[in-house]
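This report refers to the structure that appears directly beneath it.
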Amino acid sequence: MDIQSLREQHPDHWKKACAIRALTLDAVAAANSGHSGMPMGMADVATVLYEKHMVFDAQSPDWPNRDRFVLSAGHGSMLVYSLLHLTGDPEFPIEQIRNFRQWGSRTAGHPENFLAKGIETTTGPLGQGLAMAVGLAMAEESLRARWGAKIIDHYTYCIAGDGCLMEGVSQEAIGLAGRHELSRLIVMWDNNGITIDGKVALSDRTDQKARFAAAGWDVFECDGHDPADIDRALTEAKASKGPAFIACTTHIALGSSAQDTSKGHGALTDAKLITDTKAAYGWTAGAFEIPADIKTAWETIGSRGAEARKAWDERFAALSDSKRALFQQQFSCEPPKKLAAAVRAVKKDAVEKMPKVATRRASEMVLEAVNPIMTETIGGSADLTGSNNTKTADLGVFDPINRKGRYVYYGIREHGMAAAMNGMALHGGLRPYGGTFMCFADYCRPAVRLSALMHMPVVYVFTHDSIGLGEDGPTHQPVEHLAMLRATPNMLVFRPADLTETAEAWEIALSEKATPSVLALSRQNLPAVRKTHTNKNLVAQGAYVLEEATGKRQVILIASGSEVEVALKAREALEAEGIGTRVVSMPCMELFARQDEAYRRKVLPAGAVRIAIEAGVRMGWDRWLLGERGREGKDGFIGMSGFGASAPAERLFQEFGITPEATVAKAKALLG
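Count the sequence shown with the UniProt record's numbering and you get residues 1 to 672, in order.
Take a look at the structure:
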C-alpha cells in the first residue's frame, strides 16, 4: 500500500502515525544524531498497537497490571518517546523531545528504564529486549497463577528488528518462550530487510517465520503499513495458545528519499530530505508541533486504560490486608521481616556445627532456609542444577502445567537465562536468581551488565569459582572473571569463605533494591572460618578482621573465599615464628569501598606488610595493597598470572603456588 492510498483510506490513523514520524524527524535533526528509519517504518504498527490493543494508563505508567511494551530495537528510541509524549505521559512534555540525546534529558539515545516510569526496560544491545520480554511474560504467568487473573492478567508486546533476531541470545530466548508456551507474549518483527551494512541478504538467509514456528511459536504476518491488516494480525496473535510472532512487512524510513536503504537506518538530518518527507506525509505543522486534534486523539488513547486501572484498584482494595501488604512488599523489593531471623538461625547453626562444605552447598543450605519464607524468589540454572545447588525441595518446577512452580530449568542458555531474569525483575513481584559455572559468566555478560545498568537486584549464583574445580581444566577454570565482575559499576561481587559468610552474602543480595549481586562459590569443601556467632552481618562491611596478630603486627594477609583457609594456615606458621600476623577476610570489595575511611584504616592500617591471596588474577587488588596507605615494595600477591590446568585441585594449588608455604615465604621476603 503506497503513501497516497494510506492517506486516503485511513486518514485518522495516518495523521496519528505521522505524528510519530514527524517528531522523530525533528528530534533527530535537532540532536544531529539518532536513528530515524525504524520509528518511521514501524509508526503504523505502534499506532494500531496503542490505539486498539495496549491496556495502559498514561497517567499511571507503573500500574502493576498494565500491558508491557518492549522496544528491543532500542536504537529507534524516538518511537517510545513519541508514544509517551503523544499519549500524555506527564514525564514527557515536548521539552523532553526537543532535548533528545542531550545531557539531563529522559530521552537518551537508547531507552533507559531508570530515567522514567513509562520506559519499561533499557534496550539497545540488540536481542536483549526480546529476551527480557520473555522474562516479563514468564513473570506474568507466574504471578497470575499466584495472585489470580483479577490481579495479574496482561500482555507483553515487543518490537524486534532484523538485528535482534540475528543476535544469538534471540535463539536462546525464543526456545525458552516456546517451551513455556507463553501465550501472553507477542513479538512484532520489523521486517524491512535492511541493516547498517545494507540488505539483510548480505549476511543472512534465515527463514525467520519457520525458525519461530520450529521453536513452538504461532506465526502470523501482516502488511506493516495497513492498519486494518495490523489489527487483524494482533487480534489473532492475542488468541494464540502459545507465544506469537508477527512478521510485519515494512519500509524503513518510509516516505523519505532514504526509504529501503541502509542510509535510512541512521540519522536523517538533511533539511531538504525532512521537508520533502513531511510534504509526502501531508504534514504541515512546524517543528515539534502537533496539531491539537491529533494530540487530543492520542491523549484519548492514553487515557483509555484509566477505567481498567480504576477497576483494578478496586479489586486490589478488596484483597485482605495481609495480601495487600504482601503484594506491596514484594513489588517494592522489600525483603520479608523473617529474612534476618532465618539467616541468623543458619549462622548460629553453622558456628555450633562448624561444617566443612563447599560454598555452593552452603548456598543451598541458606536457600533451604530462605525460600520457604521468601515466596517471591524464583530460582533456576542453565542445565547445572545439581552443580549449582540452586533448587530446594519446596520450589516446584515452573512449566506450562505448573505456573506456581518457582524453579526454572533454563537449559544450556546462560545468556537467555540472565536476560530472562532481568525481565522478571523488571516486571516486579519476583526475586530471580540463577546459576551457572563462573567461567560462563562470559556467555551471559551483556545481560549481567544490563542488570547493573538497569538497577535490577538479580542474583547470579556462579559456582566453580577458581582452579579449585580441578580436573575440568582451564576451559572451565575462571581466573579473570572476578576482576571483570568487580570492574562492573553497581555490582556486588561476593566470594564467601564458609557457610556463615555465604548466609550473610545471601541476606545482603536479597535485601538489595537496585543492585545485582554475584555469589562466587567453590566446588571444593572449605572449613568453617567463623568460630563465634554474632547477629551482626560482617560481610556487609565488605572486609573485617578474622584473626588478629598476637604480638606486634608485622603482616596483614587479605583473602577471599577458598583462600581464607590458606591465609589462616599461613598466619599460624608466621605466628609460630614470632611474626605477628592479622588475617582479613574480604568477601566483597565493593562493600568495603563503601565504608568510611576510618573503618578501612582500622582493618588495613599502615605499616605492616600486606599480602593478598586469591586464586584469580591480581587486577583489582592493588587498591588494597598499594593504595589505602600501603607501601610500594611492601606488598605481595599470591594468585594466578595465567590460565589454570587439568589436575586435582590440591595439586593445582601446589603447582600455582597458592599455599600457606608460599605465603609465608612471600611475607618473610617482604619483611627482609
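Where a beta carbon is used, it is the ideal one built from N, C-alpha and C, also for glycine.
Boundaries of the alpha helix (DSSP H) harbouring Ser322: 321-331, taken from the DSSP string. When the Cα atoms are used, Gly161 and Glu364 turn out to be separated by approximately 40 Å.
If you draw a straight line from the Cα of Pro457 to the Cα of Cys333, it is about 9 Å long.
From the listed residues Met42, Leu234, Ser72, Ala342, the smallest Cα separation to Pro372 is found for Ala342. Judged by DSSP secondary structure, Gln554 falls within the beta strand (DSSP E) whose first and last residues are 553-559.
Taking the Cα of Gly607 as reference, the smallest distance to any Cα among Leu671, Arg623, Trp621 is reached at Leu671. Here the C-alpha atom of Thr534 lies approximately 11 Å from the C-alpha atom of Ala350. Between the stretch 574-591 and the stretch 496-516 there are three or more C-beta pairs closer than 8 Å, enough to call the two in contact.
By the C-beta density criterion, Gly74 is buried, having at least 16 other C-beta atoms within 10 angstroms.
CA-to-CA, the gap between Phe592 and Val609 works out to about 20 Å.
DSSP places Ala280 within a helical segment (H, G or I) once states are collapsed to three.
The beta carbons of Asn388 and Val461 sit closer together than 7 Å.
Runs of beta strand (DSSP E) with 3 or more residues, each lying fully within the stretch 48-117, are found at 68-71, listed in chain order. Counted as a single uninterrupted DSSP element, the beta strand (DSSP E) harbouring Gly435 occupies residues 431-437. Going by DSSP, Ser363 is part of the alpha helix (DSSP H) stretching over 359-370. Apart from the 5 residues on each side of it in sequence, Ser170 sits with its Cβ closer than 8 Å to the Cβ of Gly127, Leu130, Ala131, Ala160, Cys164 in its chain, given in chain order. Taking 7 Å as the cut-off, the beta carbon of Ala233 is found closer than this to the beta carbon of Phe220. In this structure, DSSP gives Lys199 an extended state, which the three-state scheme calls strand. Asp218 has Ala244 as its beta-bridge partners, per DSSP. Here Pro496 is near Thr359, since their CB atoms are less than 7 Å apart.
Here Gly282 is near Arg7, since their CB atoms are less than 7 Å apart.
From the listed residues Asp399, Asp293, Val664, the smallest Cα separation to Glu141 is found for Asp399. Taking all protein chains shown into account, Trp103 has fewer than 16 neighbouring C-beta atoms within 10 Å of its C-beta and is therefore exposed.
The DSSP-derived three-state label of Leu604 is coil. Within the same chain, and ignoring the five residues on either side of Arg361 in sequence, the residues whose Cβ sits closer than 7 Å to its Cβ are Asn389. By the Cβ criterion, the stretch 635-649 is in contact with the stretch 608-622, since at least three pairs of Cβ atoms, one from each stretch, lie closer than 8 Å. The C-beta distance from Leu185 to Thr123 rounds to 16 Å, too long to fall under 8 Å, and the pair is not in contact. A contact is defined here as three or more CB-CB pairs under 8 Å, and the stretch 418-432 fails this definition with respect to the stretch 467-483. In its chain, beyond the 5 residues on either side, Met54, Glu120, Tyr157 have a beta carbon closer than 7 Å to the beta carbon of Phe69. Looking only at Ala647, Gly435, Ala567, the smallest Cα-Cα distance to Gly379 is reached by Gly435. DSSP assignment within the stretch 154-210 yields the following whole beta strand (DSSP E) runs of 3 residues or more, N-terminal first: 156-160, 185-191. With fewer than three CB-CB distances shorter than 8 Å, the stretch 106-119 does not count as touching the stretch 142-157.
The continuous stretches of alpha helix (DSSP H) do not include Glu547, which lies in the beta strand (DSSP E) extending over residues 544-547. In this structure, Asp231 and Asp223 do not form a Cβ contact; the two beta carbons are roughly 11 Å apart against a cut-off of 8 Å. In this chain, the alpha helix (DSSP H) harbouring Val564 covers 563-576.
Beta-bridge pairing by DSSP links Thr581 to Val555.
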